[in-house]
Structure formats: structure tokens, C-alpha cells
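Contents: one structure, followed by commentary.
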Amino acid sequence: MTANKESYISPFSTRYASEEMQYIFSEKFKFTTWHRLWIALAKAEQKMGLDITDEQIEELEKYRDIVDFETAEAREKVVRHDVMSHVYAYGKQCPKAMPIIHLGATSCYVGDNTDVIILREASKIVLKKAAQVIKNLSDFAEKYKALPCLAYTHLQPAQLTTVGKRATLWMYELIQDIENLEFQLSNLKLLGSKGTTGTQASFMELFEGDQEKVKMVEKLIAEELGFEKCVAVSGQTYSRKTDAYFLAALSGFAQSAYKFSNDLRILQSFEEMEEPFEKNQIGSSAMPYKRNPMRSERISSLARYVIVDYLNPALTAGTQWFERTLDDSANKRISVAEAFLAVDSILNIYINITSGLVVYDKVVTRRVMEKLPFMATENIMMKSVKNGGNRQELHELLRVHSHAAAAKVKLEGGANDLIDRIAADPAFPVTKEEIENELDPILYVGRSVTQVEEFIASEVTPVLERLYTGEITSELKV
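Residue numbers for the sequence shown follow the numbering used here, beginning at 997 and rising by one.
This is the structure in C-alpha cells:
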């Protein structure tokens, strides 16, 4: 894409979001969807007996995907109304159908119904890309399900987990986001043809008070656009809580990706794992040796934007006076679009990272072995008790030896000599060989391996069966 260097261009267009997601929020998609809605309205009104001919509908169909932007833009400068400008432009293309375009409808018929369709189509892209992240992480978890690593509480070494088990935590949060967005989609309904204040008064006039025909028009419109039904009641617009629900779901995706990116940034600092680093990539302008986690940092940055952006539709939903006000419009067209573009950007990076995650097995194991003597103390104590030791006395001795060994590591920079200290203490009725037999890391990972296997079978596989349609690759634009 060639950007105008003298005008502001959104970074989502030039740096982050995919062409696929950008198209959903494009003028072309918006206005061709307006055409589809006008065609659906004309077809429904014809079926319910209005004097609309097949020839008029065929003319509308002919220009369904062709928008006369030049005529519409020129007209809007005169009338200052976007919907009537496009009614005019579509009518110029379809002169026979011009008299029946937008018949009985208000602006929100095309505006709001299009926004609902955009929510649906953009959400499908989010779900498809999230499924690819799940697939990547699932493969990763399976590969590393039995590689012990340090687990942390309060960012302090606690016990052991496995590299694969940790990946299930990232997946589990993302699966919750997927299920939440699927729920919102399952409840998404068109606005339908509700009229100026939601009473359908104009359609009652068109159909001479026949309520069943008015209701059937909505049903037919919904079917034409691929929806099961329209909202039961509304003012002029669909409830702005719908936008809030969807952006809350998107905020969830951002939160989950944020967690992943922060974990990976820390792990990269520990030199245990690393995001992909390209052959010619520069990590720092000043320090040539650096390999900064710029992809993960970008996820963190974009995620904050989405999380804060959720406040926009929440506030908008609470300030829609009575049947409608227009203070939603400018905010809505920015906040909803950019939330989806940002989450699309996040998922693009998330796919990129998880398709090439690097694990430094030897570093992971070295760090485990540095801490394992401390974690093995309970097993050593139990072994000693079985050999005749006093549990209470051994517990106190282990506490003293552990603190002494930790001090040697932290204050003197020496090696962890806890095992040697215990082996040399006659109070412990165990040999050094018996103690070292307790230092196999796999003994300390609990059910990590089977938890990974069970999680993939019970939670991951159903998601992939529903949503995974084939591999998506993601190359960063910059």
C-alpha cells in the first residue's frame, strides 16, 4: 500500500492489520452491503404485495457490487446526508428501480444493519485466526509436555511445571475468549426494518395496517442476509450494548494475548524461550548483540489499546437518550472498527510468534537443577524419616541448610551446595546417592504431562474441529 506522506494514515492500515480485516471496515464493503439491504427490502416488500417489479429488482441486483462513489460524494456535498446521497447514486445506476429504493426505511435500516453484518464478518476472522494460535500452541504443548521447567508464584520460583503445561494456560484463556465471542455471535440479530423510532409506523402505512405483513418483511430480510431473526424491539437503532458486548469479548482476546506476551518477554529475559528472530533483524540501534522481544512488546502495546477502547461503547450505550441520539456515530465508527483492527493485528503477531517459538532446553534444565535441591527437600525428608529420622528435627535442619546454601549462592556467588550439606550431616540417615536419586526433575511436575494430554483432547480438539480450516501463516509487515 502506498501511503500519502503528507496526510495521517492509520498504523493499522500501514503496519498492523490484515487486508482481510481492513476490507470488512472499508467503504466498499459498507456500501455494497447497503445495496444488499435495499435489495432485500425490495424483495420482501414485493412478496408482501407492494407494486415492485422483477425488472426493478433485477436492475438493483445488476449493480449490487458496483458503487458509484463519485456521484454519491458529489451529492453528499449538496445534501449533507450520506444515506440519501447513496440512494441518489444507486438510483442513477438503476433508474427503473429508483422510485422504490429505501421504501419505508430510515437511515438506520442500512447503517445499523450493515454494522451488525460487519460485527458478524469481522468476528469470523477473529475466530479463524484465534483457532490458528490454538493450533500452534497445541502442537507446541504436545512437543514440550514432558520438559520440566521452573514454575513461579509472585515471580519467584515455586515448584516445577513443564514447558508444555504452561502453554495450556495460554490456550485455556484464549479458548474462553473464543467461546465468549461465539456466544455473542449466536445471539447477534439484525435490527431489521423498525422505522424512525422503532414502531414500524411507516411500514404499517405501506401495508395498510397489516401487522403480519410488516412482521414478515423483517423475517424475509433476516433470511436474505443470513440471520435467524431481527431484534424484538428497538428505538431507531439496535441497542448500543451490542457493541459493548462485542468489544468486551475483544478486550478478552487482548487480555489473554497480553498475558502471553508478558510471560514470553520474561522467559526471553531468562533465556529459556525466545520469539522468532530473523537473520537480518536488528535488536538495538546501540547494542548489536541484543535480541529484543519486539513482537511480544507489540502485542502488549496493542492489547492495552483494546482494553481501554472497550470503555467507548460502554459509555455510548449508557448515553443513548430515549429512542436515539447521534452522539454515538463518530465514536462508534472509530472505536468498533479499531478494536477489531487491533485484535486482528494482535492475532497476526500471535500467529507469527507461536509458529516459530524457540525453546532452549539446556538453559531450562540448568535453571531447574539450580533450584531443584531446594524443591527436593520434602522428598529427602520423607526418605530420611522412612530410614529412621525424626521428622521435626530434620525439618529444622533442612531450613538451616537451605538458608545457608541460598546465602552462599546470593552473597558469595557460589554454587548451590545444599545436597553436599545434607549428605555430610549425620542427622540424615541417607546417602548422597540416595539424595541424588531424588533429583530427577520429572518427579516434581505432578500431573503436568497428563494434564496437557487431557486438555488437548477435551478442550482444544473440539475448538479446532469447529473453527480450524487450514493453516494460516502471518508475516509481519514491518
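Cβ coordinates follow ideal geometry from the N, Cα and C atoms, glycine included.
As the structure is a prediction and not an experimental result, all values here were calculated from the model.
Residue range of the beta strand (DSSP E) that includes residue i
i       : result
CYS1145 : 1144-1149
PRO1153 : 1152-1158
Span separating the alpha-carbon of residue i from that of residue j
i       : j       : result
GLY1314 : TYR1234 : 13 Å
THR1312 : VAL1075 : 27 Å
MET1378 : ALA1333 : 60 Å
ALA1070 : ASP1108 : 23 Å
ARG1291 : ALA1101 : 47 Å
TYR1464 : GLU1455 : 14 Å
TYR1285 : SER1341 : Reliability of the predicted coordinates at TYR1285 is poor, the pLDDT of 46 falling under 50, and no value is obtained from them.
ARG1462 : LEU1170 : 15 Å
SER1281 : GLU1471 : Because the pLDDT at SER1281 is just 46, under 50, the model does not fix this residue reliably, and the point stays unresolved.
VAL1159 : ALA1218 : 48 Å
LYS1058 : PRO1272 : 48 Å
THR1149 : PRO1437 : 18 Å
LEU1439 : ALA1299 : 38 Å
ASN1308 : LEU1343 : 22 Å
VAL1498 : ALA1335 : The structure shown has nothing for residue 1498, since the chain only spans 997 to 1474.
LYS1473 : VAL1339 : 16 Å
SER1119 : ASN1375 : 50 Å
LEU1353 : LEU1322 : 47 Å
GLU1201 : VAL1229 : 19 Å
THR1457 : ASN1348 : 21 Å
THR1157 : LEU1146 : 6 Å
ILE1097 : GLY1087 : 7 Å
ASN1386 : LYS1428 : 19 Å
VAL1063 : SER1003 : 25 Å
MET1283 : LEU1260 : The predicted position of MET1283 is uncertain, since its pLDDT is 48 and thus under 50; no value can be drawn from it.
Span of the alpha helix (DSSP H) around residue i
i       : result
LYS1215 : 1207-1220
PHE1065 : 1065-1075
GLY1087 : 1078-1089
ARG1261 : 1237-1266
VAL1459 : 1457-1463
SER1297 : 1290-1305
SER1444 : 1444-1451
MET1017 : 1015-1020
ILE1431 : 1428-1432
Residue i in three-state terms, based on DSSP
i       : result
LEU1393 : helix
CYS1104 : helix
VAL1381 : helix
MET1044 : coil
VAL1354 : strand
GLU1271 : coil
ILE1062 : coil
PHE1008 : helix
LEU1368 : helix
LEU1033 : helix
GLU1204 : coil
ALA1476 : Here the chain comprises residues numbered 997 to 1474, so residue 1476 is not present and cannot be evaluated.
SER1119 : helix
THR1361 : helix
TYR1537 : A query on residue 1537 cannot be resolved here, the shown segment of the chain reaching from 997 to 1474 and no further.
ASP1421 : coil
GLU1002 : coil
LYS1124 : helix
SER1470 : coil
TYR1440 : helix
PHE1318 : coil
TYR1234 : coil
TRP1097 : The sequence given here has Ile at residue 1097, not Trp. Of the three classes helix, strand and coil, the one that applies to ILE1097 here is coil, per DSSP.
LEU1435 : coil
ASN1132 : helix
TYR1140 : coil
ASN1386 : coil
ALA1411 : coil
ASP1324 : coil
GLN1196 : coil
THR1373 : helix
THR1164 : helix
ASN1110 : At residue 1110 the sequence reads Thr, which differs from the Asn that was named. Looking at THR1110 - three-state DSSP - the assignment turns out to be helix.
Residues that residue i bridges to, as DSSP identifies them
i       : result
LEU1186 : CYS1226
Check: residue i C-beta below 7 Å from any heavy atom of the ligand SAH
i       : result
ARG1291 : In the structure shown, the ligand SAH is absent, as is every other ligand, since no ligand is present at all.
C-beta neighbour in chain D for residue i, strict 8 Å
i       : result
VAL1459 : The structure shown has no chain D; it contains just one protein chain.
Given 8 Å, three or more beta-carbon pairs between the segment 1250-1261 and the segment 1285-1303: yes
Segment contact, 8 Å Cβ cut-off, at least three pairs: the segment 1224-1242 with the segment 1127-1146: no
Contact between the segment 1134-1153 and the segment 1040-1055 (3+ Cβ pairs under 8 Å): no
Contact the segment 1401-1416 vs the segment 1353-1363: 3+ CB pairs below 8 Å: no
Cβ contact (3+ pairs, closer than 8 Å) linking the segment 1243-1253 and the segment 1175-1186: yes
The segment 1031-1042 contacting the segment 1083-1103, beta-carbon criterion three pairs below 8 Å: yes
Validate contact between the segment 1148-1158 and the segment 1360-1375 using beta carbons, cut 8 Å, 3 pairs: yes
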